[in-house]
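Take a look at the structure set out below.
Number of protein chains: 2
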Amino acid sequence: MGAVLFEGFELLDVFGPLEMFGLLGERASITMLAVAPGGVRSAQGPACVADAPLADAGAIDVVLVPGGIGTRREAENPRFLDAVRRLSGSSGYVSSVCTGSGLLARAGVLDGRRATSNKLAFGWAVSQGPGVTWVREARWVEDGRFFTSSGVSAGMDMALALIGRIFGRETSVTVANRAEYAWHEDAGWDPFAKRNIAR
Amino acid sequence: MGAVLFEGFELLDVFGPLEMFGLLGERASITMLAVAPGGVRSAQGPACVADAPLADAGAIDVVLVPGGIGTRREAENPRFLDAVRRLSGSSGYVSSVCTGSGLLARAGVLDGRRATSNKLAFGWAVSQGPGVTWVREARWVEDGRFFTSSGVSAGMDMALALIGRIFGRETSVTVANRAEYAWHEDAGWDPFAKRNIAR
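Chains as they are written, first to last, in this note's numbering: chain C, 1 to 199; chain L, 1001 to 1199.
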């Protein structure tokens, strides 16, 4: 799988799902992608290393696009959006966490699809994709090969659902147990929607 | 706060707690530490950047020691253990996730303390610290300035407890909501203990 990094990405949006895929052992290998390889600083400060340039990435089984405050800049970056559009077109599953769905929407890859996003920044995500059917209350939304999750920690629940789609539910249960994670297996469970979506 | 990296660290052990501290905004700043600065590869593959050498780190308010398969090597590395012992002595709170408590125990800093660890590798942690009172069933254990958590995702629950100790419970609740995280606030909640501890 390939995770897309950009300056100001949200740490847990990336590393929650990658932990779950990482626990698959030899059944998954992870590549970190960015416009330019090298260190990429997160919204929280720590920097991570992009292994390969986004534009050169071949077809990937699972693409992961995180959110974070940096999404606001990348939504205005045609080079980034073009690369995400190309990668999404050539890959298997396309997933996002938090406001990452705003970037996918802005790149046009969610047009005609159902999707969700972070509930504290829901209005921003919606504004990036008028052609998307936005779901206000959902831990995550599956629509064909597109998996979009709600905010930050929801990415872990979505990742387990995606692992279940690929490898079967028993594998997801085993991975969650190894991570000592209480999986919220119901995609409709979303106590944060009513609390956090601005009226 | 300072997070200690080493080759083969577990991704979520580090970035779960750092996400929670990162959501404190200007009230927290995060430094990544390792024996040598530069890229440090995780157990899952992705590499992160250590900003400063472990041996030069000054007093830090909160130290975080993760687990991961790399703990087995660092437990035999006197240079690493010496640096962890010195940093733990000069800092405020000392925290660990997963088998990170095995490293703290091996460095001698948990002697006479109560502590817990990952339930799938509990025997290994215990073997690193005969002078530690190991708690078999706990999401995390607080003993004075020492906070040790159970496996992987338990670090997020422990981090919220530690944030509560420092800034008050209301702050922890706000941070959990921003991360859309369902905090397990009861330190005694541990469905993984019976399931995973080897007999």
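Backbone N, C-alpha and C define an ideal beta-carbon position, used for all residues, glycine too.
TODO: Return no unless some Cβ of chain L is closer than 8 angstroms to the Cβ of K119/C.
DONE: yes
- [ ] Find out if the Cβ-Cβ distance for the pair R1106/L, A1055/L is shorter than 8 angstroms.
- [x] no
Open item on the list: Is S1095/L close to chain C? Criterion is C-beta to C-beta, closer than 8 angstroms.
Closed with: no
Open item on the list: Suppose only complete runs of 3+ residues qualify. What are the beta strand (DSSP E) ranges in the segment 98-181 of chain C, listed by chain order?
Closed with: 140-143, 146-149
Task: Counted within 10 angstroms of its Cβ, other Cβ atoms place K194/C as buried (16 or more) or exposed - done: exposed
TODO: Using a Cβ cut-off of 7 angstroms, pull out every chain C residue sitting near G1002/L, in sequence order please.
DONE: Close to G1002/L, with beta-carbon spacing below 7 angstroms, lies no residue of chain C; the smallest spacing is near 11 angstroms.
- [ ] Determine which residues share a DSSP beta bridge with V4/C and list them.
- [x] L33/C
Open item on the list: Restricting to Cα atoms, I'd like to know which of L18/C, L160/C, G39/C is closest to G8/C.
Closed with: Residue nearest to G8/C within the set L18/C, L160/C, G39/C is G39/C (criterion: CA-CA distance).
- [ ] Would you identify the three-state DSSP class for G1016/L, choosing helix, strand or coil?
- [x] helix
- [ ] Taking only runs that begin and end inside the segment 1068-1102 of chain L, name each unbroken alpha helix (DSSP H) of 4 or more residues, in chain order.
- [x] 1071-1074, 1078-1090
Open item on the list: Contact criterion: CB-CB distance below 8 angstroms. Does V1135/L meet it with respect to chain C?
Closed with: False, the Cβ-Cβ gap to chain C never drops below 8 angstroms.
Task: Test: I1200/L CB closer than 8 angstroms to a CB of chain C - done: Chain L is shown from 1001 up to 1199; residue 1200/L falls before or after that span and cannot be answered.
Open item on the list: Let me confirm a value: G155/C is counted as buried when at least 16 other C-beta atoms fall within 10 Å, else exposed. Which label applies?
Closed with: buried
Open item on the list: Just verifying my parser: in three-state terms, what is the DSSP assignment at L11/C?
Closed with: helix
Task: Where A1047/L sits in the DSSP three-state scheme - done: strand
Task: Residues within the segment 183-195 of chain C neighbouring chain L, beta-carbon criterion of under 8 angstroms - done: H184, P191, F192, R195
TODO: Using 10 angstroms around the beta-carbon of D186/C, count the other beta-carbons present and answer buried if the total reaches 16, otherwise exposed.
DONE: Around the Cβ of D186/C, a 10 Å sphere holds fewer than 16 other Cβ atoms; the residue is exposed.
Task: Contact under 8 angstroms by Cβ, V1152/L with E10/C - done: no
Task: Residue(s) in a DSSP beta bridge with A1028/L - done: Paired residue(s): none; A1028/L is not in a bridge.
Open item on the list: On the CB-based measure, 16 or more other CB atoms within 10 Å of its CB, does G129/C come out buried or exposed?
Closed with: buried
Task: Through-space distance from V35/C to P1191/L, alpha-carbon basis - done: 42 angstroms
TODO: Spell out the partners DSSP gives G52/C in its beta bridges.
DONE: Going by the sequence as given, residue 52/C is Ala instead of Gly. Answer is L33/C.
Task: Partner residues on chain B for P66/C, Cβ-Cβ distance less than 8 angstroms - done: Among the protein chains of the structure shown, namely C and L, there is no chain B.
Task: Option in S91/C, I30/C, R73/C, L33/C with minimal Cα separation from T99/C - done: R73/C
Task: Local Cβ density within 10 Å of E1180/L, reported as buried at 16 or more and exposed below that - done: Buried.
Open item on the list: Nearest by alpha-carbon distance to I1197/L: which of V1094/L, V1109/L, F1122/L is it?
Closed with: F1122/L
Open item on the list: Using a 10 Å radius around the Cβ and a threshold of 16 neighbouring Cβ atoms, would you call D13/C buried or exposed?
Closed with: buried
Open item on the list: Against chain L, does A52/C count as a neighbour if the rule is that its beta carbon must be under 8 angstroms from one of theirs?
Closed with: no
Task: G1058/L, buried or exposed, once every other Cβ within 10 Å from all chains shown has been counted against 16 - done: exposed
Task: Simplified DSSP assignment, three categories, for G58/C - done: G58/C: coil per DSSP, three-state reduction.
- [ ] Determine which residues of the segment 137-160 of chain C have a Cβ less than 7 angstroms from any Cβ of chain L, and write them out in chain order.
- [x] S150, G151, V152, S153, A154
Open item on the list: Check this for me: beta carbons of V132/C and R113/C, under 8 angstroms apart or not?
Closed with: Yes. Within cutoff.
TODO: Could you run through the segment 1172-1183 of chain L and flag, in chain order, every residue whose CB is less than 9 angstroms away from some CB of chain C?
DONE: Result list: A1176, N1177, R1178, A1179, E1180, Y1181, A1182.
- [ ] Determine the DSSP secondary structure at G188/C, reduced to helix, strand or coil.
- [x] coil
Task: Alpha carbon of A991/L to alpha carbon of A176/C, nearest angstrom - done: Here chain L comprises residues numbered 1001 to 1199, so residue 991/L is not present and cannot be evaluated.
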